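Notes to accompany the following structure.
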Amino acid sequence: MERIFYSKKTSIMFVVAMLVLLILVCMLLTALTQMASMKHRAEYLAELIESAKKDEQAKQELIEYMKTDDYVIKWAEQNNKIKKDDILWIQENIPSAN
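The sequence shown: position 2 = 1 (numbering that gives the first Met the number 0), numbered continuously.
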């Protein structure tokens with residue numbers, strides 16, 4: 000069988016080149032794996048942002064509703080602060096309450 004490497008220097012350079020190639024392949028595979036993971040994470044974060052925007056809009060609508068007299072009356076009735084008869088009396092006797 001013939002000698003593959005004729006000098007020690009050539010064999011060392013070949014081994015180093017193979018190690019460098021192996022390291023580069025591992026780095027490439029790692030980068031591709033991380034890129035896929037990051038892409039998935041970015042999509043998940045985009046969904047969270049969109050959900051938060053919808054929640055914010057719903058919260059603003061609720062705040063606006065809570066400023067209305069209708070909400071105050073319903074809240075007062077549910078918490079036994081006033082009775083239905085009181086509301087009817089107010090609506091009949093105070094013109095600005097209508």
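Using N, Cα and C, we set each Cβ at its ideal position, and we do this for glycine too.
What you are looking at is a predicted structure, and each value in this text was computed from that prediction instead of being measured.
(Q) Looking at the secondary structure, which residues open and close the alpha helix (DSSP H) in which LYS53 lies? (A) Indexing the sequence shown from 1 puts residue 53 at position 54. Where LYS53 is concerned, the enclosing alpha helix (DSSP H) stretches over 7–65.
**Q.** Contacting residues, own chain, Cβ-Cβ under 8 Å from LYS73 (five flanking each side not counted)
**A.** Numbered from 1 along the sequence shown, position 74 holds the residue referred to as residue 73. None.
**Q.** Alpha carbon of GLU55 to alpha carbon of VAL15, nearest angstrom
**A.** Locating residue 55 in the sequence shown gives position 56, where the first residue counts as 1. Locating residue 15 in the sequence shown gives position 16, where the first residue counts as 1. So the alpha carbons of these two residues sit roughly 58 Å apart.
Q. Hey, how far is the Cα of LEU31 from the Cα of LEU61?
A. As a first step, residue 31 is located in the sequence shown; it is residue number 32 there, counting from the start. As a first step, residue 61 is located in the sequence shown; it is residue number 62 there, counting from the start. So the alpha carbons of these two residues sit roughly 45 Å apart.
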